[in-house]
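Here the sequence shown stands for residues 1 to 179, where the numbers follow the working numbering.
We put the beta carbon where it would ideally sit given N, CA and C, even for glycine.
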Amino acid sequence: MASNATIYKAVLQIADLDRQYFQDHTLTLARHPSETEERLMVRVLAFALHADEALSFGRGVGTEDEPALWQRNETGSIDLWIEIGQPDEKTLRQACGRSKQVIVYVYGARSSGVWWANQRPLLDRLKNLSVTMLPMEGVRGLTEMTRPAMQLQWTIQDGHLWIADGTQTVHIELQCLKD
1 MASNATIYKA
11 VLQIADLDRQ
21 YFQDHTLTLA
31 RHPSETEERL
41 MVRVLAFALH
51 ADEALSFGRG
61 VGTEDEPALW
71 QRNETGSIDL
81 WIEIGQPDEK
91 TLRQACGRSK
101 QVIVYVYGAR
111 SSGVWWANQR
121 PLLDRLKNLS
131 VTMLPMEGVR
141 GLTEMTRPAM
151 QLQWTIQDGH
161 LWIADGTQTV
171 HIELQCLKD
């Protein structure tokens with residue numbers, strides 16, 4: 001963890017009806033000074049969507065050879081590589097060569113649409129790549145739940161997420177751009 005990082009603790013209660021996955025996870029997250037709370041919470045969202053004992057966070061912003069999250073198998077091979085934001089085609093091409101599956105969670109008001117329009121022709125040929133857009137209204141609602149210590153209940157079904165923190169509930173509908 002970076003020495004100037006802000007530390008967050010999160011307890012996630014996950015009910016993923018699509019995968020029949022019902023588990024609690026306790027996370028310790030480091031937010032780099034250059035990372036926004038939006039990006040931090042999108043990392044938490046990506047963790048909830050793919051929760052597994054083997055899923056772990058990468059070293060963080062600015063680390064080119066590691067993703068935001070990844071899952072390695074017992075041989076050390078990378079089964080799942082998850083990127084957050086708007087990575088370039090070269091990064092994703094390299095990730096697809098190193099991992100069985102690569103997933104990108106794109107967010108950003110207008111910039112995500114522009115990013116996708118520019119990257120789509122290049123990314124369509126990457127067969128093990130999925131791209132999902134997150135609506136900014138939902139990301140902002142999730143960001144409002146950011147606290148140094150968080151307890152979040154996640155319900156996931158059919159591309160819809162409901163996240164509750166005891167005082168409010170946020171609904172996010174995932175938009176699949178490439179599967």
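ask   = Quick one: Cα of Glu-87 to Cα of Trp-116, how far?
value = Residue mapping note: residue 87 aligns to position 87 of the sequence shown, counting from 1. Residue mapping note: residue 116 aligns to position 116 of the sequence shown, counting from 1. Note that residue 87 is Pro in the sequence shown here, rather than Glu. Computed Cα separation, rounded: 10 angstroms.
query = Out of curiosity, what's the CA-to-CA distance linking Ala-2 and Thr-75?
reply = Taking the sequence shown and counting its residues from 1, one reaches residue 2 at position 2. Taking the sequence shown and counting its residues from 1, one reaches residue 75 at position 75. Low local confidence applies: a pLDDT of 48 at Ala-2 is under 50, so the model's placement there is unreliable, and no value is given.
query = So Leu-142 and Leu-12 are in contact, right, with Cβ under 8 angstroms, and what is the actual spacing, rounded?
reply = By one-based count along the sequence shown, residue 142 stands at place 142. By one-based count along the sequence shown, residue 12 stands at place 12. Rounded, the Cβ-Cβ distance is 12 angstroms, inconsistent with contact.
message = If the criterion is Cβ atoms closer than 8 angstroms, does the pair Val-104 and Leu-92 meet it?
response = One-based indexing of the sequence shown puts residue 104 at position 104. One-based indexing of the sequence shown puts residue 92 at position 92. Cβ distance < 8 angstroms, so Val-104 and Leu-92 count as in contact.
message = In the DSSP output, what is Cys-176 paired with across the bridge?
response = As a working mapping, residue 176 is identified with position 176 in the sequence shown. Thr-132.
request  = Tell me where the beta strand (DSSP E) around Lys-9 begins and ends.
outcome  = By one-based count along the sequence shown, residue 9 stands at place 9. Unbroken beta strand (DSSP E) run through Lys-9: 6–16.
key: Buried or exposed by the 16-neighbour rule on C-beta atoms within 10 Å, applied to Pro-67   = Locating residue 67 in the sequence shown gives position 67, where the first residue counts as 1. The residue is buried, with at least 16 neighbouring Cβ atoms inside 10 Å.
inquiry  = Among the candidates Met-145, His-25, Ser-77, whose CA atom is the shortest distance from the CA of Gln-168?
reply    = Start at 1 with the first residue of the sequence shown, and residue 168 comes out as number 168. Taking only the C-alpha atoms, the option nearest Gln-168 is Met-145.
key: Where Leu-40 sits in the DSSP three-state scheme   = Here residue 40 refers to the residue found at position 40 when the sequence shown is read from its first residue. Reduced to three states, the DSSP call for Leu-40 is helix.
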